[in-house]
Ligand code: AGP
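Residue numbers (the numbering used here): 266 to 877.
What follows is the structure in structure tokens.
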């Protein structure tokens with residue numbers, strides 16, 4: 266996902282832009298650039314393929330860019346390969362307009378042909394460049410650049426978060442947003458735009474989130490916002506609570522490791538405010554008991570690891586509520602004409618709150634009359650703002666591309682939602698309700714014990730880092746947990762792995778098990794422990810090496826069977842995955858470390874996938 270930062274104030278813009286882009290590096294990118302404008306020097310652009318340090322080297326070789334207004338961009342290529350020309354900012358043919366863009370313009374070919382026909386010469390292969398050229402085209406015909414902006418936006422189809430500079434009005438920075446996140450930052454004598462608060466929190470905590478169709482005009486004295494009909498809009502301000510260090514490594518080697526270790530605190534932040542005197546309290550839900558009784562089916566809709574949370578949630582919510590729960594990949598759900606209606610509760614799970622497939626699924630479900638509840642980590646994100654109710658995971662900013670603390674808090678929150686609904690509907694045995702809510706308060710502490718011992722994972726990594734395929738097997742909750750363990754390993758170590766329902770192995774895949782094959786066998790789900798042991802014996806008899814994960818109370822039995830045994834403290838069944846995921850995260854982390862991978866920014870991946 267691309268990153269945008271913009272500034273207008275009294276200090277030189279270039280350093281502010283570069284610092285902001287560095288804080289957005291975690292989003293993944295393949296090129297970067299900045300533009301600064303001043304009345305004296307006009308537009309000054311520096312952009313290039315590669316990392317920000319390459320851009321900094323370019324800038325060190327030339328006189329400083331002069332100007333106190335500018336825009337910056339980190340690009341994750343969608344249209345046009347990563348190279349200097351396709352990097353942002355894009356400048357119009359006349360050199361009067363520069364833009365940075367996050368999103369995809371779906372009708373750019375049609376617009377490009379129109380402009381080519383008008384004699385405009387394009388430099389890049391990107392969709393974004395049409396915005397700069399079209400602005401120029403309309404600007405020559407109008408007095409005010411804002412007129413041109415509204416003309417252009419009326420023609421664009423697709424998603425955009427835009428930063429716009431114009432040499433005719435060098436003290437102004439214009440921003441626009443539709444289906445791609447963009448926030449406004451209010452400083453003392455300075456104003457900002459950013460894709461997320463991480464980029465500007467060092468300057469201001471006072472932010473507002475742009476809505477679709479809005480246009481903002483920023484000057485050092487303040488920010489004016491207009492809706493799609495150019496009517497002035499009063500924006501609600503939000504105060505960013507977390508501090509700069511939360512978005513920095515804080516002495517850890519990688520953001521991912523930091524965030525693995527932050528999970529107990531993230532769980533405390535997410536659970537504690539919602540547990541009062543042993544009762545789950547979800548004040549954020551505006552659902553009456555009658556509303557809850559209306560729901561006949563629950564859909565859990567998400568992508569990637571958030572989808573894996575849904576896979577676990579199905580087991581727990583069906584257990585608590587005795588209601589059918591469907592887990593759907595957002596990219597499939599949105600095109601499958603889902604049987605959603607006003608009796609459906611649709612839970613959209615997303616760390617970033619900007620995943621395009623999940624947003625599209627949300628809109629599909631809403632169009633069918635479903636009630637939209639989202640579980641989101643980024644406050645004010647698009648999915649959060651388009652939901653009927655939002656449950657925020659208070660995990661703090663998650664910088665590593667591979668999610669850990671957001672996954673864990675999503676999981677705990679989804680379990681709490683199930684408990685809450687089951688209690689309200691009188692569907693859960695009071696003793697079970699008390700046992701689970703009691704264990705929820707102990708969960709962070711128990712997780713700390715799991716995270717205390719990392720030597721074992723470093724040892725296992727030294728033995729298994731050079732494997733080219735790993736199988737994760739498990740039953741019930743362990744099967745769903747294995748999906749996440751497998752994805753973690755794949756996405757940061759690039760080792761192929763598969764997660765299999767252990768009972769399914771004998772229907773084909775066991776043919777791949779041969780001497781030396783590594784199998785991670787998850788056996789924490791007590792009711793099927795004996796079955797899990799049988800599957801371990803099954804694969805070991807074909808020569809597999811087995812790293813088993815079970816609960817402390819089964820350690821002795823497992824150590825007689827598995828090649829290596831990892832354990833988690835005992836807890837109630839619904840909370841086992843919240844403990845079981847930590848060993849799998851550490852296993853993946855240390856293997857990736859051993860393999861020298863770029864752990865926080867794995868190849869080809871971005872922190873939030875805002876493209877199809
Ligand atoms: C998780 O480690 C991955 N980075 C990815 O699968 C992620 O979970 C997925 O893209 C969904 O993102 P979201 O939670 O922000 O919607």
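Every residue, glycine too, gets a C-beta built ideally from N, C-alpha and C.
- Task: Assuming residue 784 contacts residue 762 (C-beta within less than 8 Å), just tell me the rounded distance between them.
- Result: Taking the chain shown and counting its residues from 1, the one referred to as residue 784 is at position 519. Taking the chain shown and counting its residues from 1, the one referred to as residue 762 is at position 497. With a Cβ gap of about 10 Å, residue 784 and residue 762 do not count as contacting.
- residue 857 versus residue 470 - alpha carbon distance: Indexing the chain shown from 1 puts residue 857 at position 592. Indexing the chain shown from 1 puts residue 470 at position 205. Answer to the nearest angstrom: the Cα atoms are 35 Å apart.
- Message: Measuring only from the beta carbon, is residue 847 closer than 7 Å to any heavy atom that is part of the ligand AGP?
- Response: For this step, residue 847 is matched to residue 582 along the chain shown. No - the ligand AGP has no heavy atom lying nearer than 7 Å to the Cβ of residue 847.
- What residue range is occupied by the uninterrupted alpha helix (DSSP H) comprising residue 463? Locating residue 463 in the chain shown gives position 198, counting from the first residue. No alpha helix (DSSP H) contains residue 463, which DSSP labels as neither H nor E.
- Task: Output yes or no for whether 8 Å exceeds the beta carbon distance between residue 687 and residue 540.
- Result: Stepping through the chain shown from its first residue, residue 687 is reached at position 422. Stepping through the chain shown from its first residue, residue 540 is reached at position 275. Going by C-beta atoms, residue 687 is not nearer than 8 Å to residue 540.
- Item | Best match in 545, 725, 743 for proximity to residue 684 [C-alpha to C-alpha] | For this step, residue 684 is matched to residue 419 along the chain shown. Minimum Cα distance to residue 684 is reached at 545.
- Item | When 357, 373, 627, 612 are compared against residue 388, the one with the closest alpha-carbon | The residue labelled residue 388 in the question sits at position 123 within the chain shown. It is 357.
- Query: Per DSSP, which one or two residues make a beta bridge with residue 309?
  - Reply: Taking the chain shown and counting its residues from 1, one reaches residue 309 at position 44. In the DSSP output, where bridge partners are listed per residue, residue 309 has 301.
- Query: Is residue 296 closer than 8 Å to residue 340 when the C-beta atoms are compared?
  - Reply: Translated into the one-based positions of the chain shown, residue 340 becomes position 75. Translated into the one-based positions of the chain shown, residue 296 becomes position 31. The answer is yes: Cβ separation under 8 Å.
- Between the Cα of residue 533 and the Cα atoms of 821, 870, 713, 316, which residue gives the shortest distance? Indexing the chain shown from 1 puts residue 533 at position 268. For residue 533, the nearest C-alpha among the options comes from 713.
- CA-CA distance, residue 792 and residue 521? If you number the chain shown from 1, residue 792 lands on position 527. If you number the chain shown from 1, residue 521 lands on position 256. Approximately 33 Å, taken between the alpha carbons.
- With a CB to CB cut of under 6 Å and the five nearest residues on each side skipped, what residues in its chain are close to residue 314? Within the chain shown, numbered from 1, the residue matching residue 314 stands at position 49. Only 296, 347, 348, 349 meet the Cβ criterion.
- Message: Let me make sure I understand the geometry here. Which of 646, 606, 632 has the alpha-carbon closest to that of residue 614?
- Response: Mapped onto the chain shown, residue 614 falls at position 349. Minimum Cα distance to residue 614 is reached at 646.
- Backbone CA spacing between residue 828 and residue 786 [nearest angstrom]: Walking along the chain shown from the start, residue 828 turns up at place 563. Walking along the chain shown from the start, residue 786 turns up at place 521. If you take the alpha carbons of residue 828 and residue 786, they lie about 11 Å apart.
- Query: Whose C-alpha, out of 476, 772, 610, is nearest the C-alpha of residue 636?
  - Reply: Residue mapping note: residue 636 aligns to position 371 of the chain shown, counting from 1. Taking only the C-alpha atoms, the option nearest residue 636 is 610.
- Pairwise C-alpha distance: residue 496 and residue 419: Position 154 of the chain shown holds residue 419. Position 231 of the chain shown holds residue 496. If you take the alpha carbons of residue 419 and residue 496, they lie about 15 Å apart.
- Query: Measuring from the CB of residue 679, is there a heavy atom of the ligand AGP at a distance below 7 Å?
  - Reply: Your numbering for residue 679 matches position 414 in the chain shown. No, Cβ of residue 679 sits at least 7 Å from all heavy atoms of the ligand AGP.
- Message: Counting beta carbon pairs with one atom in the region 664-673 and one in the region 841-853, are three or more of them shorter than 8 Å?
- Response: yes
- Can you tell me where the beta strand (DSSP E) with residue 737 in it begins and where it stops? In the chain shown, counting from the first residue as 1, residue 737 sits at position 472. Element bounds for residue 737: 734-739.
- Task: Using only alpha-carbon positions, find the residue among 732, 845, 273 that is nearest to residue 742.
- Result: Numbered from its first residue, the chain shown carries residue 742 at position 477. For the residues 732, 845, 273, the minimum Cα distance to residue 742 belongs to 845.
- Comparing the CB of residue 750 with every heavy atom of the ligand AGP, is any distance shorter than 7 Å? Position 485 of the chain shown, counted from the first residue, corresponds to residue 750. Not so, every heavy atom of the ligand AGP lies at least 7 Å from the Cβ.
- Task: Quick one: measure Cβ to Cβ for residue 373 and residue 385, integer angstroms, because I've assumed they're closer than 8 Å.
- Result: Position 108 of the chain shown, counted from the start, is the residue given in the question as residue 373. Position 120 of the chain shown, counted from the start, is the residue given in the question as residue 385. No, residue 373 and residue 385 are not in contact; Cβ-Cβ is about 13 Å, not under 8 Å.
- Task: Report yes or no: do three or more beta-carbon pairs, one from the region 737-757 and one from the region 701-717, lie closer than 8 Å?
- Result: no
- Message: For residue 367, list the residues DSSP reports as bridge partners.
- Response: The sequence position of residue 367 within the chain shown is 102, counting from 1. In DSSP, residue 367 forms a bridge with 426.
- Item | Spatial neighbours of residue 501 in its chain, beta-carbon cut-off 7 Å, leaving aside the 5 residues before and after | Stepping through the chain shown from its first residue, residue 501 is reached at position 236. Only 473 meet the Cβ criterion.
- Task: For residue 794, count neighbouring C-beta atoms within 10 Å of its own C-beta (all shown protein chains included) and say buried if the count is 16 or more, exposed if not.
- Result: Residue 794 sits at position 529 when you count from the first residue of the chain shown. Residue 794 should be labelled buried.
- Message: Helix, strand or coil for residue 801? Go by DSSP, reduced to three states.
- Response: Indexing the chain shown from 1 puts residue 801 at position 536. In this structure, residue 801 counts as helix in the three-state DSSP scheme.
- Who are the near neighbours of residue 498 in its chain, counting only those whose CB is closer than 7 Å to its CB and skipping five residues on each side? Here residue 498 is taken as the residue at index 233 of the chain shown, counted from 1. The residues are 479, 490, 491, 492.
- Query: With a cut-off of 8 Å, do at least 3 Cβ pairs link the region 819-827 to the region 690-700?
  - Reply: no
- Query: Is there at least one non-hydrogen atom of the ligand AGP closer than 7 Å to the beta-carbon of residue 245?
  - Reply: With the chain covering only 266 through 877, there is no way to say anything about residue 245.
- Can you find at least 3 beta carbon pairs, one from the region 601-610 and one from the region 621-638, that sit closer than 8 Å? yes
- Task: For the alpha helix (DSSP H) containing residue 402, list its first residue and its last residue.
- Result: Within the chain shown, residue 402 is the residue found at index 137, counting from 1. Run containing residue 402: 394-404, per the alpha helix (DSSP H) assignment.
- Secondary structure of residue 474, DSSP reduced to three states: For this step, residue 474 is matched to residue 209 along the chain shown. Reduced to three states, the DSSP call for residue 474 is strand.
- Hey, would you say the C-beta of residue 570 is under 7 Å away from at least one heavy atom of the ligand AGP? For the purposes of this step, residue 570 is taken as the residue at position 305 of the chain shown. Yes, the Cβ of residue 570 comes within 7 Å of a heavy atom of the ligand AGP.
- Query: Mind checking whether the beta-carbon of residue 756 lies closer than 7 Å to any heavy atom of the ligand AGP?
  - Reply: Here residue 756 corresponds to residue number 491 of the chain shown, with the count starting at 1. Indeed, a heavy atom of the ligand AGP lies less than 7 Å from the Cβ.
- Task: Taking only the alpha-carbon atoms, compute the straight-line gap between residue 807 and residue 740 and give it to the nearest angstrom.
- Result: Counted from its first residue, the chain shown places residue 807 at position 542. Counted from its first residue, the chain shown places residue 740 at position 475. Rounded to whole angstroms, residue 807 to residue 740 spans 20 Å at the Cα level.
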